[in-house]
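Respectively, the protein sequence lines represent chains P and F. The numbering of the first sequence is this note's numbering, which starts it at 610 and goes up by one. The numbering of the second sequence is this note's numbering, which starts it at 11 and goes up by one. The beta carbon of each residue, even a glycine, is placed where N, CA and C say it ideally should be. Here's the structure we're looking at; comments come further down.
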Amino acid sequence: MAEAERCLLCHDAPCSKGCPASTNPGEFIRKLRLRNVMGAIRTVKENNILGGACGVLCPTARLCEKECSATGIDRTIRIGKLQRFLVEHSWKIGFNPLSGGRFELPPPAAGRVAVIGGGPAGLSCAAELARNGCRVTVFEERAEAGGVLRYGVPGFRLSTEFLKKELEDVKALGVTFKTSRAVGPGGPRGLLKKGFRAVFVGIGLWAPIRPFGGEQGAGVISSVSFLELFRRGKPAPRKLCSGKTVAVIGGGSVAIDCARTALRLGAKDVYLVYRRSFSQMPAEEDERLEALNEGVHFLLLNQPTGYARDKRGGLAGVKLVRTRLSGKDASGRRKPVDIPGSDWVLEAGACIEAVGNKPEEKSISPGKLISADPATGKTSAAGIYAGGDIVRGPGTVVQSVADGKAAAKAILKQLKAAIC
Amino acid sequence: MLKKVDLSVKFCGVTFPNPFMLSSSPVSNSAEMIARAFDAGWGGVAYKTLVTDRIPITHPSPRMHGCNYDGKRLVGLQNVEQTTDRGLKPNLRDIAYLKKHYPKHIVMASIMGFSNREWADLAKAATDAGSDMLELNFSCPHMAVEGSGAKVGQANDLVRKFTETARNVTKLPLVAKLTPNVTDMNEPAMAAKAGGADGISAINTVAGLSEVNLDNFIPQPDVFGKGSISGYSGPAIKPIGLRFIAQLAKNKELGLPLSGIGGIETWVDALEYILLGATTVQVTTGVIHYGYGIVGEMIEGLSDYMAQRKIARVADLVGKAVKNVHETSDFNVRRQGIARYDLDRCVGCGQCYTVCRDAGGSALDWNAKKRRPALTEAKCLSCMVCSFVCPVERLITFKEMPKTWKRRKTVTLG
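This is the structure:
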């Protein structure tokens, strides 16, 4: 509440224009400020079924909070924290604005829709469809829904309990979940034949990109496997890290998550190896600072070139070559170039590769992104829609939420047109 | 799913879409403004006080001063605003326009005569323009025209006389707007009733003086070197407004419907007025602070409150708290309690220790090493000042003690 008091309640609130998913902080903070707490919850959740997860995970510093007028006085309103507070408060008081807490009846049944993939895009699409009267079935390949929220983000950032409650909000809308149910390449068309009027594909990117081609071997793991095994409570990640020097390759949010997880699993030292400089890292500033504060060693301006092995084939270290920054590359960042003769080996007992993900080979879209209209999620196939990372490549949770919702709106339009 | 609630209320026989009204003030100055307010959701308006064109009104400049408390803005608002400074004709045209375009919204024209004849003329003119009801302004505390405003509201015979005058020329419901700058509002309220009033609005602003400039000794607002005692409004005066509404509601002889005014910004404030007997509520300072849009939060907030408690109509809430307002002599002082501390959540600021020692029962000891207070229960006066300064929500709460429990007597020195 003290934080809401700081809000300037701007006319034509600029924060409300900073969100890919059209979240309206100007409205929900104003409602909170004027003691319309349930209305504030309604504003968050009606717009974004994953408002809680976004409140926790969103890179607010470069979205809504970047636009905040209060920065002209001192510092931004912590919008993400307020959003998270509202969602947690809704669970505390048992108020779900999309089911028990809504005033108007849901519109009459509009047809059955299938959603493939229970991650942020799929959940958002399912929720938007369900609250508009569709009967939605979510097909999830893994044992539980949540996608990257469950298997890609460590629990110290987004707790299992938190995720469970947010998923219950989706279920409360009447969405059916079929988990451990893989849908192959022919799947979407098959589902259309089975009576689903439309299919949304939000399967994300789950195949790790290997920094050195196929080479991996003992002591090396991909970020995808590492975080998933950790989240599932398996012993392998701890065994890999405990008491060892761990190298993490990469400079994005996932690399940071892996490094911080490795520290928590009892690693002696964790080196984050990144070929560019600190300010060029794709990871958010607050994540980088937290990792630094926790004791992750940032090994910058070093390009990994391969693994050093001991006599028995175990990992001895990561081969590195020092880099310097030269002129700008296509991304507008200064490009790292190797410094000849500066090769060295960072001794490490384990290495986590976190340089990005790509589409899985055994999936609806084998090895490649799906082409879809970003505004509607429409693919070239009638009745099949797609969104989230499988369309855009790696992005934020909130962007996937926005995609799911946009596709849901297009699907509703399609269903309505069919009825008329 | 929540059942849709009906926010409409019947006030002096007139049906309002909801109890939320703009009070007579700069926020209800013209049809252009009020139309936007209706679009935002306001159910009715007390149209800015009409006067005849006989005595021209020119406003002092500047006419308002905002009062802050610590970092919080507009806790109170000091103003020397007068009645409308627009001509009578344009105002009447605006009223007619509003009724034509917003037939379901309620326009209550506020009027103020500077003579008996003027009260009659204005009442008739406002009636003819299509007003749904009239509000008789007996209460502006800083009128620049001698013998008007609150001066009338403080003279019961004039309240009665001018009400009668209006009653004689119109059949519309008459609502007397009264001043809190009296000892007992029931006296002018009864006078208004005797004169034929159908309802009471209260309170107008409290006569106040909010701030003095330390460099030139001029009270604010500084009207070219002169300050004045004038009307004070806003959240700071809500307790005073609630008090008067409760006193009017408890007066069985009066028995008139009430419109509550004073420091309302949220649905919670509005509901407090309603529970203490108001059927409609009126807002100005809240709009000055946040704009017309606050009514959206009032509507949604009150609707959720009612839906969750399965209350179908606002009328079922009106006056629900009145029976719980007692004379202090009715309190059962045999039951006693103390402050209870949940020290697991204590942050160690020690403010409780300071206030208990200097303003309470000196019932706390301070463990400097642990930075925690320790309560001697027998010394606690249950004044609860410690809980008012504690920064942790509900860390200090009140608990009743058994009948056998005895409080230790205060130490006597000398």
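* Asked: What number of angstroms, rounded off, separates the C-alpha of residue 247(F) from the C-alpha of residue 859(P)?
  -> 60 Å
* Asked: From 77(F), 198(F) and 367(F), pick the residue whose C-alpha is nearest to that of residue 210(F); which is it?
  -> 198(F)
* Ordered along the chain, which non-local residues of its own chain (more than five positions away) have a Cβ less than 6 Å from that of residue 907(P)? -> 881
* Among 112(F), 120(F), 66(F) and 104(F), which one has its Cα closest to the Cα of residue 95(F)? -> 66(F)
* For the beta strand (DSSP E) containing residue 143(F), list its first residue and its last residue. => 143-147
* My understanding is that residue 259(F) touches residue 287(F), with C-beta atoms under 8 Å, so please give their C-beta distance in whole angstroms. => 3 Å
* residue 90(F) to residue 275(F) span [Cα, whole Å] -> 21 Å
* Asked: Of all the beta strand (DSSP E) runs that stay within the bounds of the segment 99-146 of chain F, which reach a length of 3 or more residues?
  -> 116-121
* Quick one: is the Cβ of residue 346(F) within less than 7 Å of any heavy atom of the ligand PLP? -> Inclusion of the ligand PLP in the displayed structure is not the case, the ligand content being empty and no account of it being possible.
* Asked: What are the partner residues of residue 966(P), as DSSP defines its beta bridges?
  -> 817(P)
* Could you check how far apart the C-beta atoms of residue 879(P) and residue 871(P) are, in whole angstroms? I think they sit under 8 Å. => 5 Å
* Asked: Which residues in the same chain have their Cβ closer than 8 Å to the Cβ of residue 401(F), if we skip the five residues on either side of it in sequence?
  -> 357, 359 and 361
* To do: Report yes or no: is there a C-beta of chain P within less than 8 Å of the C-beta of residue 297(F)?
  => no
* Asked: Going by the beta-carbon positions, is the gap between residue 250(F) and residue 270(F) smaller than 8 Å?
  -> no
* Hey, residue 873(P) and residue 934(P) are a contact pair by Cβ (cut 8 Å); roughly how many whole angstroms apart? -> Wrong, their Cβ atoms sit about 32 Å apart, outside the cutoff.
* residue 643(P) and residue 304(F): beta carbons closer than 8 Å? -> yes
* Measure the alpha-carbon distance for residue 347(F) versus residue 153(F) and round it to whole angstroms. => 49 Å
* Asked: Which residue's Cα is closest to the Cα of residue 31(F): 345(F), 167(F), 268(F) and 388(F)?
  -> 268(F)
* residue 624(P) in three-state terms, based on DSSP -> helix
* **Own chain partners of residue 37(F) with C-beta closer than 6 Å, once the 5 adjacent residues on each side are dropped** => 294 and 297
* Asked: Under the rule that 16 or more other beta-carbon atoms within 10 Å means buried, what is residue 972(P), buried or exposed?
  -> buried
* Chain-ordered chain P contacts of residue 278(F) [CB-CB under 8 Å] -> 644
* Asked: Within 10 angstroms of its Cβ, does residue 79(F) collect 16 or more other Cβ (buried), or is it exposed?
  -> exposed
* **Closest by C-alpha distance to residue 1(F), when choosing among 167(F), 139(F) and 75(F)** => Nothing about residue 1(F) can be read from this structure; chain F reaches only from 11 to 424.
* **Residues near residue 825(P) by beta carbon distance below 6 Å, same chain, minus five either side** => none
* Using a C-beta cutoff of 8 Å, does residue 780(P) count as contacting chain B? -> Structure shown: chain B not included; protein chains present are P and F.
* Asked: Looking at the C-beta of residue 210(F), does it have a partner C-beta in chain P at a distance below 8 Å?
  -> no
* chain P contact for residue 248(F) (CB, 8 Å cutoff) -> no
* To do: Starting from the C-beta of residue 207(F), find all residues in its chain whose C-beta is less than 6 Å away, skip the five residues before and the five after it, and write them out in chain order.
  => 173, 184 and 186
* Asked: Near residue 73(F), which residues of its chain fall below 7 Å by C-beta distance, leaving aside the five closest residues on each side in sequence?
  -> 89, 90, 91 and 231
* Quick one: residues in its chain with C-beta nearer than 6 Å to the C-beta of residue 330(F), no 5 flanking neighbours on either side, listed in chain order? => 285
* Asked: Unbroken beta strand (DSSP E) runs of length 3 or more, entirely within the segment 172-238 of chain F: which are they?
  -> 184-187, 209-212 and 216-218
* To do: Taking residue 688(P) and residue 619(P) to be in contact with their CB atoms under 8 Å, please state how far apart those CB atoms are, rounded to whole angstroms.
  => No, residue 688(P) and residue 619(P) are not in contact; Cβ-Cβ is about 12 Å, not under 8 Å.
* Limits of the unbroken alpha helix (DSSP H) element including residue 364(F) -> 361-369
* Which class does residue 1015(P) belong to by DSSP, given the choice of helix, strand or coil? -> helix
* Asked: Counting pairs of Cβ atoms below 8 Å between the segment 101-121 of chain F and the segment 37-50 of chain F, do you hit three or more?
  -> yes
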